[in-house]
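Chemist:
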Amino acid sequence: MPHSFSVNKIKNRQRKSIKTKLKAPTLAWEIFADWIYLLGGITFVIGSIFFLPKMKSYGDTGVWIFIIGSLMYLLVTGHDLIASIKSIKINKVNTIWKRLEFLSAMVYFIGTITYLIGSVFFLSEVGQVFEGAINFIIGSLMFLIGAIINVLEITNESSDKTLQLMNGTAIMYIGGSLLFLVASIPYVWHGISIHDQSIIYNYVAMEYIGGSILFTFGGVFSMIKTYQKKEA
């Protein structure tokens, strides 16, 4: 699952601001957040495996893994959104870049919430697969929009190495969001035969697995960028 990989620029400006009224986020938090995203991506890969038709009897296990992963992501997307809001209030400068940073943080947060809610709907005790799929579709669209916004912000980056890592992160997040979006659509279909359902859901699970792997690699690129900053 993606998150705003441009919000670190907000944190850098907060550290450089002498007039900062609140304690600036530390590099340690950025490293912690990257590890959370990496672990979250791995949990989504594992959870997606349980969406395979042959793992149907363990479906709830996969859903609970998704819920845990979503909560892990929510910790970071929520922090990113708060950091963006604080940056705007502290610096009191409403530039196009700040608006884009806030917008990307907001859509990622909304996307994470919808994934969390959607996962709960997929639990057998709840049994609202249609509603769960709708939430996943909305969440995937939010992540796709967030990644596109971040692509626009990449043009404001001066370092070539950072630019390459951000491009890699954007590609992984956009690809992962598209796979999750496409994979969620069949769950809203009605009247599918049992035979076709097995075939379709097998492809769906593979798309979820592929999307989760891309999200994980996006987290790896983000982590490399953070450690590069640490060594600078």
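Take the sequence shown: its position 40, counting from 1, is numbered 107 in my numbering, and each next residue is one higher.
Every residue, glycine too, gets a C-beta built ideally from N, C-alpha and C.
(1) Anyone know if the C-beta pair for Phe247 and Phe203 falls short of 8 Å?
(2) What would DSSP say about Ala91, mapped onto helix, strand or coil?
(3) Starting from Glu220, trace the alpha helix (DSSP H) both ways and give me its first and last residue.
(4) Leaving out five residues on either side along the sequence, give the residues of the same chain with a beta carbon under 8 Å from the beta carbon of Lys83.
(5) Tell me which residue opens and which closes the alpha helix (DSSP H) that Ser251 is part of.
(6) Suppose you measure from the CA of Asp263 to the CA of Ile276; what does that come to, to the nearest Å?
(7) Identify whether Val193 lies in helix, strand or coil by the three-state DSSP scheme.
(8) Is it the case that the Cβ atoms of Gly126 and Ser191 are separated by a distance below 8 Å?
(9) Applying the criterion that 16 or more other CB atoms from any shown protein chain within 10 Å of the CB defines a buried residue, is Tyr270 buried or exposed?
(10) When the Cα of Gly244 is compared with those of Val193, Thr179 and Lys292, which residue comes out closest?
(11) Under 6 Å Cβ to Cβ from Gly213, same chain only, skipping five residues before and after it: list those, please.
(12) How should Lys156 be labelled, buried or exposed, when 16 other C-beta atoms within 10 angstroms of its C-beta is the threshold for buried?
(13) Comparing alpha-carbon positions, which option in Ala200, Met233 and Val112 lies nearest Val249?
(14) Between which two residues does the alpha helix (DSSP H) holding Met139 run?
Modeler: Put simply:
(1) yes
(2) Because the pLDDT of Ala91 is 46, which lies under 50, any placement of that residue in the model is unreliable, and the question is left without a value.
(3) Segment Val196 to Ile221, the alpha helix (DSSP H) holding Glu220.
(4) A caution first: Lys83 carries a pLDDT of 46, below 50, which makes its placement in the model too unreliable to give a value.
(5) In the DSSP assignment, Ser251 falls within the alpha helix (DSSP H) that extends over Asp227 to Ser251.
(6) 20 Å
(7) coil
(8) yes
(9) exposed
(10) Checking the displayed sequence, the identity of residue 244 turns out to be Ser instead of Gly. The shortest C-alpha separation from Ser244 is found at Thr179.
(11) Ser171, Val174 and Tyr175
(12) exposed
(13) Taking the Cα of Val249 as reference, the smallest distance to any Cα among Ala200, Met233 and Val112 is reached at Ala200.
(14) Gly126 to Asn158
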